[in-house]
Each structure stands twice: as C-alpha cells, then as structure tokens.
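Asker: Note that full-length UniProt numbering numbers the sequence shown so that position 375 is 375, with each residue one more than the last.
Cβ atoms here follow ideal geometry from the backbone N, Cα and C, with glycine treated the same way.
This one's a predicted model, so the numbers in the text were calculated from it and none came from an experiment.
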Amino acid sequence: MEIPPDVRQPPMIYKESPQDYIVDPVDPIIVECEATGNPPPVFTWTRNGVYLNVARDPQVSMRWRSGTLQIFFWGRPDDYEGVYQCTATNEFGSALSSFINLRVSKARTWLKEYLEPVSVVVGLPLILPCNPPVGPPKPDTYWLNSTMAPIRQDRRVSKSENGDLYFSSIVAEDALTNYVCVARFPFTNTIQQKPPLILQVLTARMAAHTPPKFLKPKGTASTTIAMLGEELILECFAAGVPTPSIKWAKDWDEMSMTGKKLENFNKTLRIKNVSMDDGGDYICTASNRMGSQDHVITVRVKSVPFWVEKPESLVLSRDDSGSIVCRADGIPRPQIQWLVNGEPISDAPKSPGRQVSGDTLTFRAVVPDSVAVFQCNASNQYGYIMANAFLAVMDMKPRLLGPREERIKTTEGNNTLLDCPYFGSPKPDLRWSKGGLGTLEGGRHRILPNGTLEIRNTKLQDQGSYVCVASNVIGRDEKEVQLEVKEPIKIVRAPHNTVVIRGSLARFDCKIKFDPTLDVTVTWLKDKKFLILGRRMTKDEDSLSIADVYRRDEGIYTCRVKSELEDVTASAKLTVMDRPDPPSDLEISDPSERSVRLTWVPGLSNHNPIKEYLVQYTEDLLADYWLLPSGWKNLSSYPGNLNSVILQLTPFVEYRFRVIAVNGIGPSKPSWASEYYQTGGAVPDAIPRNIKGMGSGVFRNNMEISWEPLEYREWNGPKLGYMVWWRRRDSREEWKNYTTYWWCSYIIYDTDTFTPYEIKVQAVNFFGYGPESPIVIGYSGEDRPVAAPTDLSVSDIESTKLTVHWEPVARSDIMGEIKEYKVYYWRESSRLPWHIVSRRIKTKSFKANGPRLSGTLNGLVPYSNYRMYIVVANNRYEGPPSNTIEFQTPEGVPTIPRSFRIMHRHYDTIYLDWEEPAEPNGILTGYILKYQTLNITLSDRIQVEYIPPNITYFSLRRFDRYTRYKFSLAAQTEVGVGEAFTEESPHFTTEEHTRDQVDIVTQGWFIGLMCAVALLVLIMLIVFFIKRSRGGKYPVRDKKDFALEPMDDRENGTFDYRITRVSTMPYSRREEESRQGRSQGAIEHIGRRTNSDDSLMEYGEGEEIEFNEDGSFIGEYTGVSKRNIDRSPYHDSSEPTSPVAIYSFA
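1) Could you tell me the alpha carbon to alpha carbon distance between VAL549 and ASN497, rounded to whole angstroms?
2) Following the continuous alpha helix (DSSP H) through ARG327, name the residue where it begins and the one where it ends.
3) Can you give me the start and stop residues for the beta strand (DSSP E) that ARG354 sits inside?
4) GLN19 bridges to which residues according to DSSP?
5) Buried or exposed: where does CYS1011 fall if 16 or more other Cβ atoms within 10 Å of its Cβ makes it buried?
6) Would you say the segment 525 to 536 touches the segment 589 to 604, given that touching needs at least three Cβ pairs under 8 angstroms?
7) Whole angstroms are fine: how far does the CA of PRO196 sit from the CA of LEU115?
8) Report the CB separation of PRO756 from TYR779 in whole angstroms; it is logged as a contact under 8 angstroms.
9) Is there contact here, the segment 91 to 102 with the segment 127 to 140, by at least three beta-carbon pairs under 8 angstroms?
10) Measuring CA to CA, which of LYS611, LYS573, LEU647 is closest to SER592?
11) So for ILE491, helix, strand or coil by DSSP?
12) Smallest Cα separation from LEU69: which of SER595, GLN85, ARG76, GLY75?
13) According to the Cβ coordinates, are VAL373 and PRO137 closer than 8 angstroms?
14) Closer than 6 angstroms by C-beta to SER799: which residues in its own chain qualify, once you throw out the five before and the five after it? Chain order, please.
15) Let me know if ARG404 comes out buried or exposed under the rule of 16 or more other beta-carbons within 10 Å of its beta-carbon.
16) DSSP puts LEU448 in a beta bridge; with which residues?
17) Reducing DSSP to helix, strand and coil, say where PHE766 ends up.
18) Enumerated in chain order, which unbroken segments of the alpha helix (DSSP H) with a length of 4 residues or greater are wholly contained in the segment 224 to 296?
19) Here's a check: name, in chain order, each residue in its chain whose Cβ is nearer than 7 angstroms to the Cβ of ASP359, leaving out the five neighbours to either side.
20) Can you tell which of THR740, ASP730, LYS801, TYR738 has its C-alpha closest to the C-alpha of PHE754?
21) Is the beta carbon of ALA239 less than 8 angstroms from the beta carbon of LEU202?
22) Quick check: what's the CA-CA separation for VAL492 versus LEU417?
23) For a minimum of 3 consecutive residues, which ranges assigned as the beta strand (DSSP E) are wholly contained in the segment 552 to 579?
24) Just the Cα atoms here: how many angstroms apart are GLY172 and ALA208?
25) Name, in chain order, the residues that DSSP records as bridge partners for THR889.
26) Can you give me the C-alpha to C-alpha distance between TYR677 and THR599, rounded to a whole angstrom?
27) Throw me the rounded Cβ distance for the GLU487 and PHE514 pair, which I believe falls under 8 angstroms.
28) Which word fits ASP6, buried or exposed, when buried means at least 16 other C-beta atoms lie within 10 angstroms of its C-beta?
29) Since SER168 and PRO244 should fall inside the 8 angstroms C-beta cutoff, what is the C-beta to C-beta distance between them, to a whole number of angstroms?
30) Using only alpha-carbon positions, find the residue among GLY922, PRO771, PHE900 that is nearest to SER829.
31) Straight-line CA distance for ARG689 to PRO774?
32) Going by DSSP, what residue range makes up the alpha helix (DSSP H) through ARG536?
33) For SER595, tell me which candidate among PHE390, SER222, PHE657, ALA149 has the shortest Cα-Cα distance.
34) On the criterion of 16 or more Cβ atoms from any shown chain inside 10 Å, does ARG958 qualify as buried, or is it exposed?
35) With burial defined as no fewer than 16 other Cβ atoms inside 10 Å of the residue's Cβ, what is the status of MET868: buried or exposed?
36) For the putative contact between ASN90 and PRO39, defined by C-beta atoms under 8 angstroms, what is the C-beta separation to the nearest angstrom?
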C-alpha cells in the first residue's frame, strides 16, 4: 500500500549513483540523489565523512528540489575524489544514500625506458610482459608489430588477460618484427604505447621436442576466489614442442559448458555469471606428442551481501502495532546494523514501544512521535548493502487512487488484472463484486495485497461491470471497471525448423486466426531484430519466403502477431548447409627422410559433416595465390575426423601443402599454403619405363635404345642421368654401357641386320645408382624381305567373301620381325557386260599364325571378276609381290532400286517410276512391288506385283482422292530378293485444293467468260460462211502486197524481218490447196507444242505471216520459220487437234 504524494510522509531516497563510480574528468560529473517526501526534503552531502558545503564551492552545485550534485572540473579533478553520502531530511526524519566511491578516470603513460633486446633459442618458451599503467579503470591491451598491425595469435602465440604475450615455443620467424604493447583506456578513449621490444632468436639446427610445462599458472595446483554473480576468468598457458593443446574438465569429469565459454584457443575459460554451482576443481590439461600435464585450479565462490527480505515502509494508526523486517545473506553471512534518521539506533533517543531483535524492528502502541526513517545495513568482508524504511502514524479514510471509471480489454484464456490502488489508515478492507452482486473471492478470482483483482483463465462470460469497494472504521470509497473479453490470437500453422542448402528457397508458414474487432499486424523478426524485406525476402498473407539463401540468412525467424491486447510469437530456426570453411593454421612437424606430419585446424562444417580432407602439394612459387591457376596436385585424402596426418613424400622435392575439406555439399576453398618443406636427397627408386630397342632411321646396321624419362618427383636428387647396358644375345659377350644425361635414347652402330640384343637401363643421380631394369630384348635394323609368299589360291568362294591360302616366307628371308601378310586385290570388271566398275586397289592384312596360312576376305561385290596378289611385311618394309591370280564371284542379291518416285498426274491415279539398282550383283529377274493403303478405316491386305526387269514404272488407280499408300520395292536375281525401298505416298489432294478445283468451273465469272468466247467464235464462223458464200474477199487480201521478207543486216549486228512490196497476182487453185494443207499441218504442229508451252510471245516472230484467200491465218502461233516447216515432216493428220490450240486460236 503506497502513500499518495499529497499525504504528509517521511523522506525516501529512490535514486542514487553506484557505489563504485568512475567518471571522465573532461565532462561535468553528475552524482545523483533523488528522494520523495512531504514536505519536500532538504539534501546535504558528506565527503570522506566531512560535511560538504556546496554553497561555498564554485565548482559544485546542487539541482533545485533535488540532491543531485554537479561538479565542474576546472582545476585538479583528483581533489574531488572520495567517498560521498547523501542525506534527505524533512520534519519526519532523515534518509541516507549508500556510500558512493567517486574516482576519476586516468590515462597514465608508461615510464620512459629503454627495453633491452630479448634473446631466446628456437624451441624455448617466452613471456613478453606488458605491465600496462593502472587506471582506473583497467585498460584494454593489444600487441602490435613494426607496421602497427596486430600480432597474429594462434595456439602457439597468445595474450593473457593481464596483457602479457605468451609463446609456447619460439620459431625463427618470430624475430622478423618488433613487439609493441598498447593500452587503451575506455573512458577517455586514449591509447598509450609501450616502447618497442626487439626479439633476437638464436637458431638451432632443429628444435628439440619437449613435453608440456605450465607457464601460467605455475605448478600443478592453485586457488582462486569467484564472486557470486560476477565474471570469472581462468587461464592456462603451457610451453612445449610441438605446441600443446589445452583441454578443460571439472571435478575430474566432463565439464558442462552451460554458462561457460572457451576462448583464446582453449587457453581461457570464461564464466559470465558465477553461481554457487560453479565452485569446485577445474582441471587444465596440456598435451602434445611428448606427453601431458595437469593443473588443478580450485574455485571458491564468495558473495557480497544480498537481500533475502528487503525492509519495507510501515504505515500504522495511532495505538497500532507492527514490524519492519531486514533479512540478508552472503558468503560469509553478513552482520545486520540498524540506524534511525542516520544515527546508530543504540545512540538514538529511546522510543516507547520500539524494540530491536536482530533483523526485526518491532513497534507497539505507536504515537505520532514514533514517526522516523530507519536504515538497515548488512555487511561482510566483501561489501555491504543498505536500505531505508520509515514508520508513519496517521488516521485517514479510504482513498481509491487512479481514475474512477475504467474500461479494460483482455483476451480469452489470459490472466486478467483489474487494478484498484487504495490507501487509508487503518488499512481498509477491499471487496470486489460483479454487477454489484456478491463478493468475488476464490475459484478463478483472487484479490492481491495491493487491491488488484486477478481473474485466472478469463472466459467470455467474465465480460461485464466490476465494482471495487474499500472501507475502514473512518469511511469507504468505490470505483467501477468495465471488462471486455476478446477472442485470442491463434497461430494455426506455425513456422517449423528448416534445413536448406545455400542458394535454395526457404519458406516459413504463419497462418493466424484472430478476433475481427481488433486490428492485428504481422511482422517477421530475425534474431530478435525486425526483418527488412526486399527482393530476396518476401512476405505474403501466410508465409515468409527467402530466395537464394545465403549463410548469413541463418538464424531464428520469429512470426510476431500483435494487437492492442496481445503480442503472440512463434519461432523457427533456419539452418543453411554449405560447403565447409577452409582449414587453417597448417603446421609441419616430425620431419623425416621421406615423411612429415601435417596438422591443421578444421574449419566450420556448416551443418554438414566433413567426409574427408584432401591434401594437395605443389612446387609452384605462385602457390600462395590459390586464385591463380597453378600446379597443385593431389597427394592423398584422409577421413574427416582427422586433422593431423603423416604424409609420405619423395626425396629431394621442395613441397608446399594445402588442405581442402569435403562434405556432402561439396569441397571447401583451399586453405592457405603451408611453409616450404625440403626433403633430403637419395638414389633413384624408379626404373625407366617402356624400354625398347629397334633400328633407327633408314639404316639397317644400327639399333636405337629408347625409354621414357623419369618424372621430376622420381629424380630423388640432382644430376639425373641414365646408364644404358647392352650385349648380343647369342654371343654372351660382356655387357657394354654408356651414361647419358641429356637424352632418353642411345644408338648403337655397326650391328648386323635384325640381330637380338639384351638391353637394360638404370637411373643415376648425384647420390648414386638406382635399381637396374629387367632385361629387355631388342633388335637391330630391318631390311626389305627378299622372298614372296607362294601358292596363292582361293577357296570357299561366295558372293561377298572367300578364303585365301598361301605358303609362308622363310623367316630368314623376311630380314626382320614379321609383322603381317598383306593381300592386294581389286575388282577388274563386272560379269555384266554393260556395267562399269571402279578398279581401286584394296588391301587386307593377316597375321602369321601357322605353317600354312589362310584368311577370310570379306566385302566383295557379287558377280564380278577380281585379281589378287600377296606380300609379306616386317616392321619397316614390304617384300616383293607374289603371283597374281584371278577369280570370279557368283551372283548375289541386288542392292536397293534407285531414284524411286511417286507422282500424281490425275486425281484417281498414282504413278511410280525408278531406276535399276546401282549394283545388280547378277542378272535381274524382275522387281517385286508391295503396297497397302494407310487409311485406318480400311483393312486391305498387302498387294504384291511382279514386274519384269525391263519395266521401271507402275501406275495405280486410287480408291478415292484421299487414299494414301505405303509402297515397298525390291529387285531380285536368281539368288534372291534384295533390300527393299519403302516409302509412303504424300497428300496429293488436300481439302482446300479440292475445293479450289471444283469452284473454278462453277464460278459465274468463268461460265460468263466461256459463253462470251463461244459467242465470239459463233459470230466469226457466221461471218466466215457469209463471206465465202458471197465470194467476197477479206480486206486483208489488199495487204498481201506487203510481205515479210528477211533482211540480213549482219554487218550491223542485226537480223530482222521487214515488209516489202510484192506482186498480188491471183493464186492458182492448186497453190491455194497446197497452202491450205501446209496451214492445216502447222495448226496440228501448234496443238502438239501447246501441251508443253503456253507462251504466246514466242509464236509468230521472225517469219513471214501468211493468209489464205478467205482471210484465215496460216502458220499462226507457229514459232518456227516457214522454211523449217517446209523441210520438216508433218505430224500424222489423224491426231486430234489440241483443244488448247483451238482455244488459243479463238
């Protein structure tokens, strides 16, 4: 029950500065002290127990109606350091603040001193002290090199919390730079630098391997104090070669990492918030290949005092009784001290009815003079805590604080709180009712000490009006609260944990159901931060989609649904699988003549287990830049649970290594290359390969010995050469040898033809001779064979193959190693007299595999005359040819007919034609034509036609214009039927084509045109008969005086016809009949030509145009000269005149 501010009451301090208060002297210092009370309290300060006169110090001021101090550092800020305490006083008593230790931040500098160079031998440990200036506060420390870049830290080199730099072992590269310790002070943000330190490394041929030895802490056991609730840091630094690895355990068992974190390459164990369970023995184990050592750190947890029950202010009516309780605990247990108005209660004036009993202050039959402010102080050796509580004595009727009427909204299923703050003395009784009926107490309803009504698991029927009534012996007061119950937000389909591969699509669902009377917003968060949507991340009504997922998208995604009443969330984790991170910190150790140990630090597996590590090597100087193409080669692969392996190497090679991690997604990027490692030299291990001996060039009296050179990695040393050994196989003479350093072959001269030699080759280098190769048989040069195979014959002659027989050539006549027998044959002619053939010579080779040799010759053409001979061949030459023989092949089946065509000349007929096969392969006896309709509605059988060999065409009447056929045509001889040619007839007449053909003769314009032509012909015939019956002459007779005669202007480059005046004497009847006969023949000739040529421009040019007596044209549209007509025979007059010619004439 709180006292309203307008009620007279003792002071209480509610805000003050921390007990350990470090300030920056650059800015004004604020020392806080805020208090309540009525009347308002008066504030005073003490510094180091002495009253601080604020009014007399111009650098110190106090805020109005506040106890907060403002200190301006114009001079020496150190003068204002000290322990401050604030007192707030009014007529009812005094309240005290805790002691505030004010310290000014300082950025002290290192003493100017010269640091002697530090000398150390390779392989020994080293500690470079930093010793930064003291604060306050404690500075952050860093180590930089000569270029002011941070020193690279790893398992071997690392920094402790106090700033010292620890080297587990020294290597030669540590002397390549100076070492500078830098301190940064966080309050002033200033940096102080220590003079650089020079490190001199004394090299040794090889660092001796040593077991681990602890550098910090020393020995095998130590003890440390941890304060409850504060941070604890345990460190463990060890020396040794190879660099030791650090592991931690607690109480000699596996350590739980809850609330703990390993840092600094496992050398630092950090516990953020120490609890009582963190006490015990922590075992630090340092181990390498030479052994291991343990150090036990015993942690004892202590604590400053803390509140178990903090004292609360007490309000009593006159003659009432009560108590103030102050309970605290700590390690060790604190002592309790009571004060009243800032003085020890033992020194304060006695008050009737007040009694102190340990941590409890009891009051009986209080009166107004009993009012005071009491302080409870709990302290032990590690600190103290203090709290104020007052006793107030008053009589007051109940007062309900806050608004008189309220409207509260809640959701179904929540625990709802209806507030009803009140005050009164004596303490009022509080009742709640719904609708003014009954009292709400018990079941789902509970009235809290501060007057609040709690409704657990609110239901829709809880909606309505609630009344709060407070009453005591002096009076009563009441207020009304309206409660509205809404349907809660429900996430019907919540997001689920999702695992995807980088670059794919991730989707989270969030389907909700809510009360429609409430405004609801849906937002997405990632790792508790609002998600920025964009091109890759899109949100729709019920889900969130992430396209092309990156590794940085990994995290906790939360769907947040918020209304004015609720804030509902559902979360899911997105895990992105990717190729592993590359290994790092490659280290070479345990060198030997042909092996070395390679150790690396595995990279992150990125949620997919590492299956294997691929170790690569190179001798390329550009290998550092793995983005550039270089000569990296695979050395070996190892299981994914290893990070230290023995590599088998080749002597006299300078290696650099890198490691690639491989998981189910793919390979990682390569690690950075290791340092160079040079193996020692040795004699060659490898034997030259592919050793051969054979004749060289065109000479037959030498032998060239050749071999494949060793690869560079097989040299094992400098000055690689080859020692060649040889001797004749049949003579068993002494071995001869020669050593060559530049070539991979050697020629032996003055040998006999095709003589066998024993050969061997061995590699040599600076360190000695390698192993000899096995003996290889080589032969000197070959010569041309001097004899030919005999008794060449053939048998088993078939149409396309036969068997060849011959007697072999003696081995001594081959003059070398026999390679093959080669048959030369060609087609001399066909047995068909009219068939032309190609006489190109063909060959076929046969192996020598018996005393009498034979082989099968395929691919012959049937019904042909062939010629053949055979030669023997060694590796270099062919011998003389054998006798040439002739043979004939019998008939075979013909090849496929050529130029098969399907043509359409009428609607109801299909024409086929073809040419005879390119290779009849015998005497053709005919053709077999098979055909069948393709219409799916018809089920005709296959029709077969046998066609004589001299017929190469066929016509077929179609069932209808839409019928299509499948044709198959094959030629045959007496032997059998050849390969058939198969083809389907095309769509000659489509629906559109048929419609066009029908429409043209039924169109009105075409009918009209035909009628006009017929009428014109009729008129001309009438005129012709009228003129003939009258004996009149057609006027054109008058024009016959002008005839077309050729005029030859060849000298001018032209030849033309011109009209000249001729005699117009009457013709005789015989001449007229003769002319009419010629005219009739010319018309018939035109009728024949019109079938193939419709051009009217060709006709009537270049020749005299003749007319008969009745005006008819003679030779019209002829297109040939008159002289040619006279000399050429006429066509048979019995042939009908072409209708097209008559139509053209009309």
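Answerer: Considering the structure as presented:
1) 15 angstroms
2) Premise fails: ARG327 lies in the beta strand (DSSP E), 327 to 331, not in any alpha helix (DSSP H).
3) 354 to 357
4) DSSP output for GLN19 lists no bridge partner at all.
5) exposed
6) no
7) 7 angstroms
8) 6 angstroms
9) no
10) LEU647
11) strand
12) GLN85
13) no
14) PRO862, THR889, PRO890, GLY892
15) exposed
16) Looking at the DSSP assignment, LEU448 forms no beta bridge with any residue, so it has no partner.
17) coil
18) none
19) VAL325, CYS326, ARG327, ILE336
20) ASP730
21) no
22) 27 angstroms
23) 555 to 562, 567 to 577
24) Note that residue 172 corresponds to Ala in the displayed sequence, not to Gly. ALA172 and ALA208: Cα-Cα distance of roughly 14 angstroms.
25) None, per the DSSP bridge assignment.
26) 14 angstroms
27) 7 angstroms
28) exposed
29) 7 angstroms
30) GLY922
31) 10 angstroms
32) Careful: ARG536 lies outside any alpha helix (DSSP H) and carries neither H nor E.
33) PHE657
34) buried
35) buried
36) 5 angstroms
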